[in-house]
Structure formats: structure tokens, C-alpha cells
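A.B. asks: Have a look at this one before I ask anything.
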Amino acid sequence: MGIPQTMNVVPKEVPFDIFIGTYREKLKELFSDESTVERLRVQRRFPDSFLSEVRQCRPLSTFISKEYGGRGGHVHEALSMLEESSYQSLALSLTFGINGALFLQPLHRYGDAGFKQRVYNDFISGDSLGGLMITEPDYGSDALSMQTHFTDTDSGYKINGTKHWGGLTGMADYWLVTARRKDEADQLARDIDFFVVDVRKDDQEIVVEELFQNLGLYPIQYGRNLIDVSVAADQRLNPSSTGIKLMLDTLHRSRIEFPGMGMGFLRRMLDEAVQHCKERFVGGSSLFSYDQVKSRLSKIQAYYTTCSAMCAYSSEHADIQNDLSKYGLQANVIKSILTDFMQTASQSLLQLVGAKGYCLDHIAGSATVDCRPFQIFEGPNDILYQQISESVLKSMRRLKEVNLFSFLSKYDLSSRASQHVKEILDFIPDRQMPQRHLVELGQLLGRLFSMEFVIELGDRGYRPSLITNCISVLSEEMERIASSFSSGNLSDPTEDYLVDSAWLSFVRA
Ligand SMILES: Cc1cc2nc3c(=O)[nH]c(=O)nc-3n(C[C@H](O)[C@H](O)[C@H](O)COP(=O)(O)OP(=O)(O)OC[C@H]3O[C@@H](n4cnc5c(N)ncnc54)[C@H](O)[C@@H]3O)c2cc1C
Numbered sequence: 001m002g003i004p005q006t007m008n009v010v011p012k013e014v015p016f017d018i019f020i021g022t023y024r025e026k027l028k029e030l031f032s033d034e035s036t037v038e039r040l041r042v043q044r045r046f047p048d049s050f051l052s053e054v055r056q057c058r059p060l061s062t063f064i065s066k067e068y069g070g071r072g073g074h075v076h077e078a079l080s081m082l083e084e085s086s087y088q089s090l091a092l093s094l095t096f097g098i099n100g101a102l103f104l105q106p107l108h109r110y111g112d113a114g115f116k117q118r119v120y121n122d123f124i125s126g127d128s129l130g131g132l133m134i135t136e137p138d139y140g141s142d143a144l145s146m147q148t149h150f151t152d153t154d155s156g157y158k159i160n161g162t163k164h165w166g167g168l169t170g171m172a173d174y175w176l177v178t179a180r181r182k183d184e185a186d187q188l189a190r191d192i193d194f195f196v197v198d199v200r201k202d203d204q205e206i207v208v209e210e211l212f213q214n215l216g217l218y219p220i221q222y223g224r225n226l227i228d229v230s231v232a233a234d235q236r237l238n239p240s241s242t243g244i245k246l247m248l249d250t251l252h253r254s255r256i257e258f259p260g261m262g263m264g265f266l267r268r269m270l271d272e273a274v275q276h277c278k279e280r281f282v283g284g285s286s287l288f289s290y291d292q293v294k295s296r297l298s299k300i301q302a303y304y305t306t307c308s309a310m311c312a313y314s315s316e317h318a319d320i321q322n323d324l325s326k327y328g329l330q331a332n333v334i335k336s337i338l339t340d341f342m343q344t345a346s347q348s349l350l351q352l353v354g355a356k357g358y359c360l361d362h363i364a365g366s367a368t369v370d371c372r373p374f375q376i377f378e379g380p381n382d383i384l385y386q387q388i389s390e391s392v393l394k395s396m397r398r399l400k401e402v403n404l405f406s407f408l409s410k411y412d413l414s415s416r417a418s419q420h421v422k423e424i425l426d427f428i429p430d431r432q433m434p435q436r437h438l439v440e441l442g443q444l445l446g447r448l449f450s451m452e453f454v455i456e457l458g459d460r461g462y463r464p465s466l467i468t469n470c471i472s473v474l475s476e477e478m479e480r481i482a483s484s485f486s487s488g489n490l491s492d493p494t495e496d497y498l499v500d501s502a503w504l505s506f507v508r509a
């Protein structure tokens, strides 16, 4: 079969290498046009014509099963599509990531069969977009305390509340909106329910009260939304047990699929850094020849390898049929480590490029602000690191194991990686560990579990020099974290710090 110009042919019938090759070429063509790139840089919303053109290749068909006209929902295909997108634009990749992981996949797993058919048609044959609204102005990390609520009506449900920061605000046609049931005594239930809202329908319009001036990711709109809608009974998702479990399954799947977005982004950071350092001469030598520069490049390369290993792991474990509600540890490790690596890589590229990189129209500058919120959304990384530690310490208590290395050397996510860093793991963790140490321990454990993914990838024949470099970079980072962890510094901030602290009054004139 030749390479089609677009995917107007049914995408499920196109072999994957042709499908992804066509998509790659389409993006290359679009992003080689300076005026398109300039428009994406300054416009606070994807131009409709741009998204329509990209979607001629049917990228979202990778998230949809064959029975609904998609390519089958294979994770490796979706991750590859996200990778191609993020090589050119992180905002584009996040747009498709939101649509896939935060809308189409939960709809697939929990949506009403008849309702799904209509929605999927809009995504396969049309250009519909979907998103997820969980966060509220007063409830972000503490999402389970959300105040958006629903009550029963004769034909379905009425939902009221205020949501903000939903990616694609004012752009998506469909929203998954979370709410708690309000009873007759005005009490809110503890559980959370999910509803699909079609904003093009009467009674389902979501009013955008304000659009935010988001720092990066310009083509994606964010804002504050007023929810006052009525939906039909078949627009409520059906959890297999509780709504909270549905939410965990959805968020864990999304976090586990982050490496698709990270992969193209890190590859781009690496390509840009290598090219710049080869071409730039400082003090008569190529930047590439300086030792500190090599150190930065080898770290970005290690992050690229780690992300590759995560992609392989996710492809084999996040099948749409699997309930991922119990995959909290893996999901938290992948999301937090990867997004920290994305930010470190872009900061390093910006450092290497120098002043020229400190511009919104340079990839180093834009990449740094674009990837920053990945450390905040879908679980702020500080909280995820704490949860990683708590999960490991809980398992140790259950097994009555007190030594960290003894536990990790028998644990399937770290049995081999732990042998590389035995000395730093060979201690008995304090049961009353302060939160800041739990966070640091989480950063260390996250790198350890990531190293296990890397070792596994190495077993399969992945380039040995990249595996060796990656293990060495991750080990070094773990050593650094362990030394700050063992320093025992528990300093507290002084609240009224201005008292007796004006430096000028201490100058001896
Ligand atoms: C670009 C972007 C895209 C987003 N996309 C979406 C979306 O599509 N849908 C959606 O529903 N929401 C979205 N969000 C919202 C995002 O999920 C929330 O911002 C996030 O959950 C954090 O909530 P918050 O901003 O209210 O911060 P808060 O809950 O106020 O937390 C702020 C910070 O306080 C610290 N903190 C909080 N709790 C603790 C604790 N227990 N221990 C220690 N430190 C703590 C952390 O450092 C945290 O980052 C998006 C946000 C951004 C910036």
C-alpha cells in the first residue's frame, strides 16, 4: 500500500508504519512553514484550519477501538502518535493526550454503549475535541472535596458548579465533568461521578467566565467555567465499583501514558542541544568539546533513554482492558520522574544555547515554559513523590521488613536496579519520617524503579552505550539525593522574617 496523502481512508485499514509515517511527514510539512509556527507562537488558540489539517491524518483514531472505527486503541500506537506530535509541539501532543487519556479512554471503559457510538463518530469522522474538568478554584490537589454537585431529574441529571484550568476550555465540544451527588438535606456524597457534557446541546452549554493568560502552551486555552447543565441518563459514566476507583483508573492510565508526550519532547531537546553544541564555537572550541557541556548532554541522553524504557513499559501494561486503579505506584513514578526530567532537560538546553534561547520564539525558551505545568497538573510532583515513599514503606511494614535494600532487592520493580546502588539503600527508614524526607525518598525510589525499566529495555537489545550511560546518570542522581536526605536538615521558615533582617541597618558606616 502506498503512502496516502491523508487518512481519509479508514485509518484502521492502514498498516501502522504507513499511518505513523504519513502523520510524521504531515507534521514536518506543517511545522516547516514559518508563518504557521509564528501563528502557533502568538495565537492563544490553535487555528481551526491547522487542527483540521493535522486531523486529516486521524491521530485520535489510535485511541479508539476498531468496533467504533478506530485503529484498535493499542497503547504503543497512541504513544507513537503522541511522540511524533511532541517532537514538533508539546501543546499539540498535550491536546491529543487530553483527548485520548482524559476523555476517549474513560468513555471507552465506562460510557453507555449507544452514547459512545455517536461520540466516537464525531471524533473519527469529524473534528470534535474533548476534555476533563475536575479542578475547582478552591479544590485542586484536594479534588475529592470538590463542590460541583448533581441532582436527579426526570430524564437524567442536573449539574452545578465552577471548574477551572480544564485543558481546551472554550475549544472542546465534549467535557467529562466530575461532581458529587447532593441529597435532599443538601449534603454532598463522598463519592465522585463523571458526566459527559455536549456543549453544543441545549441545556448543556458551559459558560466560559474568564480565559487565563497561561504562561506557556499558548495554543491551548484555559479558564474558569460555570457549570449549570442538564444531561440525559446515558451521559453518566458507569463505574464498575466506586467513582473514586474510576477516577484512579483514569488518572493512573493518563500518567502512565505521559511518556508518549515526553518522548518526542526529550528527543527534540537532545537533537537541538547536540546540534547547537556542535555548531557553536566559544573561546575557539566547539561547545561540544567542553566537559561540563558533555555532562549536560549525557544527562539529557539519559532522560531520553529512561523515557524510552517507560514507553516500552506503558505499552505492555496499560492496555485499555486493564483496570489501572491499583497501578498508583507505577503511574506516580512515571509521571513525576518523567516530568522532572523534561523540565531539567529544557533548562539545560536553555543554558547551553545561552541568551538566544531566552526568547519565546526559541525552542529552548518555549519548551521550558511549556513543560513546567506538567510538574503541577495530574498530581503535583511533591505529592506524588510522598505517595511513592508511603506506598513502599507500607509494603515493607506489611512484610515486616525493616531494611530498605532487603525489601527492594526482592521487589519486582527494583530487584535488579537495587544491586547498582546497594550502599545508598542499605538503611532502616525512620517510621516517623518528615514529609520533606518522604518527598526526597520518593525522588530516589522513582529513579530506582525507572532504572529497572531501563535494565529491562537493555535486555531486549536496546543500544548498550545508552543503557550504561543512563544507569550511571540515574545512580549519580540517587547518590546526590541520598546525601541531602541523610543530612537531617529540618529548617523551618521564619514567618515574620522582616523583623531585624534589613541588611542596611547592619552596615558599619
Ligand atoms: C497547564 C495546566 C493544565 C491543567 N489541566 C487540567 C485539566 O485538563 N483538567 C483539570 O481538571 N485540571 C487541570 N489543571 C489543574 C491542575 O490539575 C491543578 O492545578 C492541580 O491539581 C493543583 O491544584 P491547584 O493548582 O489548586 O494547587 P494547590 O492544590 O493549591 O497546590 C499548590 C501546591 O501546593 C503544594 N501542596 C499541595 N498539597 C500539598 C500537600 N498535601 N503536601 C505538600 N505540598 C502540597 C504543591 O506544591 C502544589 O503544587 C491544569 C493545570 C495547569 C497549570
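For what it's worth, our numbering labels the leading residue of the sequence shown as 1, then goes sequentially.
Ideal Cβ positions, reconstructed from N, Cα and C, are used throughout, including at glycine.
Within this structure, are the beta carbons of D112 and L217 separated by less than 8 Å?
C.D. replies: Residue numbering aside, residue 112 sits at position 112 when the sequence shown is read from its first letter. Residue numbering aside, residue 217 sits at position 217 when the sequence shown is read from its first letter. Result no, Cβ atoms of D112 and L217 do not sit closer than 8 Å.
A.B. asks: How would you label D154, buried or exposed, when you count the other beta carbons within 10 angstroms and need 16 or more for buried?
C.D. replies: Locating residue 154 in the sequence shown gives position 154, where the first residue counts as 1. Under this definition D154 is an exposed residue.
A.B. asks: Among the residues of its own chain, which have a CB less than 6 Å from the CB of L466, if the five just before and after it don't count?
C.D. replies: Within the sequence shown, numbered from 1, the residue matching residue 466 stands at position 466. Same-chain partners within the cutoff: T305.
A.B. asks: Just grab the DSSP bridge partners of E29 for me.
C.D. replies: For the purposes of this step, residue 29 is taken as the residue at position 29 of the sequence shown. None, per the DSSP bridge assignment.
A.B. asks: Let me know the beta strand (DSSP E) ranges lying completely inside the segment 116–173, each 3 residues or longer, listed in chain order.
C.D. replies: Whole beta strand (DSSP E) segments, 3+ residues: 130–133, 149–152, 156–164.
A.B. asks: On a CA-only basis, which of F46, L168, R58, S49 is nearest F19? Give me that one, please.
C.D. replies: Looking up residue 19 in the sequence shown gives position 19. The shortest C-alpha separation from F19 is found at R58.
A.B. asks: Using 7 Å as the cut-off, classify the Cβ of I98 as near or not near the heavy atoms of ligand 1, replying yes or no.
C.D. replies: By one-based count along the sequence shown, residue 98 stands at place 98. Correct: I98 has its Cβ closer than 7 Å to ligand 1.
A.B. asks: Give me, in chain order, the residues of the same chain whose beta-carbon lies closer than 6 Å to that of Y557; leave out the 5 immediate sequence neighbours on both sides.
C.D. replies: No information on residue 557 is available, as it lies outside the stretch 1 to 509 that the chain covers here.
A.B. asks: Can you check which of these residues, S415, L438, S472, is closest to E456 by C-alpha distance?
C.D. replies: Counted from its first residue, the sequence shown places residue 456 at position 456. Considering only alpha carbons, the answer is S415.
A.B. asks: Cβ atoms of D152 and L51: under 8 Å apart, would you say?
C.D. replies: Locating residue 51 in the sequence shown gives position 51, counting from the first residue. Locating residue 152 in the sequence shown gives position 152, counting from the first residue. Going by C-beta atoms, L51 is not nearer than 8 Å to D152.
A.B. asks: So, I192 versus T178, is the Cβ gap smaller than 8 Å?
C.D. replies: For the purposes of this step, residue 192 is taken as residue 192 along the sequence shown, with counting starting at 1. For the purposes of this step, residue 178 is taken as residue 178 along the sequence shown, with counting starting at 1. Against a cut-off of 8 Å, the Cβ pair of T178 and I192 comes out as a contact.
A.B. asks: What is the C-beta distance between G264 and Y87, in whole angstroms, given that I count them as a contact (C-beta under 8 Å)?
C.D. replies: By one-based count along the sequence shown, residue 264 stands at place 264. By one-based count along the sequence shown, residue 87 stands at place 87. Confirmed, about 3 Å.
A.B. asks: Taking L237 and F194 to be in contact with their CB atoms under 8 Å, please state how far apart those CB atoms are, rounded to whole angstroms.
C.D. replies: Along the sequence shown, read from residue 1 onward, the residue named residue 237 stands at position 237. Along the sequence shown, read from residue 1 onward, the residue named residue 194 stands at position 194. Going by Cβ atoms, the distance from L237 to F194 rounds to 4 Å, so yes, they are a contact pair.
A.B. asks: If you pair each beta-carbon of the segment 29–42 with each one of the segment 104–121, do three or more pairs fall below 8 Å?
C.D. replies: As far as the Cβ criterion goes, the segment 29–42 does not touch the segment 104–121, which means the pair count is below three.
A.B. asks: Is it true that the segment 293–305 meets the segment 458–473, where meeting means three or more beta-carbon pairs spaced less than 8 Å apart?
C.D. replies: Yes: at least three Cβ pairs fall under 8 Å.
A.B. asks: Looking at E13: is its Cβ nearer than 8 Å to the Cβ of L30?
C.D. replies: As a first step, residue 13 is located in the sequence shown; it is residue number 13 there, counting from the start. As a first step, residue 30 is located in the sequence shown; it is residue number 30 there, counting from the start. Contact: no.
A.B. asks: If we ignore side chains and look at the alpha-carbon of each, how far apart do F46 and S501 end up?
C.D. replies: Within the sequence shown, residue 46 is the residue found at index 46, counting from 1. Within the sequence shown, residue 501 is the residue found at index 501, counting from 1. C-alpha separation (whole angstroms): 49 Å.
A.B. asks: Would you kindly check if the distance between the Cβ of Q375 and the Cβ of D340 is under 8 Å?
C.D. replies: The sequence position of residue 340 within the sequence shown is 340, counting from 1. The sequence position of residue 375 within the sequence shown is 375, counting from 1. Yes, these two residues count as a Cβ contact at 8 Å.
A.B. asks: Which class does V507 belong to by DSSP, given the choice of helix, strand or coil?
C.D. replies: Working through the sequence shown from its first residue, we reach residue 507 at position 507. Three-state DSSP puts V507 in coil, outside helix and strand.
A.B. asks: So, E378 versus S254, is the Cβ gap smaller than 8 Å?
C.D. replies: Reading the sequence shown from its first residue, position 378 is the one you call residue 378. Reading the sequence shown from its first residue, position 254 is the one you call residue 254. Yes. Within cutoff.
A.B. asks: Restricting to runs no shorter than 4 residues, where is the alpha helix (DSSP H) found entirely within the segment 315–358?
C.D. replies: Qualifying alpha helix (DSSP H) stretches, in chain order: 328–353.
A.B. asks: Going straight from the alpha carbon of R463 to that of I227, what length do you get?
C.D. replies: As a working note, residue 463 is residue 463 in the sequence shown. As a working note, residue 227 is residue 227 in the sequence shown. If you take the alpha carbons of R463 and I227, they lie about 51 Å apart.
A.B. asks: Alpha carbon to alpha carbon, how far is N403 from F427? Give it in angstroms, no decimals.
C.D. replies: For the purposes of this step, residue 427 is taken as residue 427 along the sequence shown, with counting starting at 1. For the purposes of this step, residue 403 is taken as residue 403 along the sequence shown, with counting starting at 1. The straight-line gap from Cα to Cα measures roughly 6 Å.
A.B. asks: Which same chain residues end up closer than 7 Å to A172 when comparing Cβ atoms and leaving out the 5 residues on each side of it in sequence?
C.D. replies: The sequence position of residue 172 within the sequence shown is 172, counting from 1. Answer for A172: L129, G130, G131, listed in chain order.
A.B. asks: If I measure Cβ to Cβ from K245 and keep anything under 7 Å in the same chain, skipping five residues before and after, which residues do I get?
C.D. replies: Indexing the sequence shown from 1 puts residue 245 at position 245. Closer than 7 Å at the Cβ level, and outside the excluded window around K245, lie P239, S325.
A.B. asks: Which one of K182, S346, R181, E84 has the shortest CA to CA distance from A364?
C.D. replies: Taking the first residue of the sequence shown as position 1, residue 364 is located at position 364. Comparing Cα positions, the closest option is S346.
A.B. asks: Please report how far the alpha carbon of L408 lies from the alpha carbon of E452, in whole angstroms.
C.D. replies: The residue you call residue 408 lines up with position 408 of the sequence shown. The residue you call residue 452 lines up with position 452 of the sequence shown. One C-alpha to the other measures close to 11 Å.
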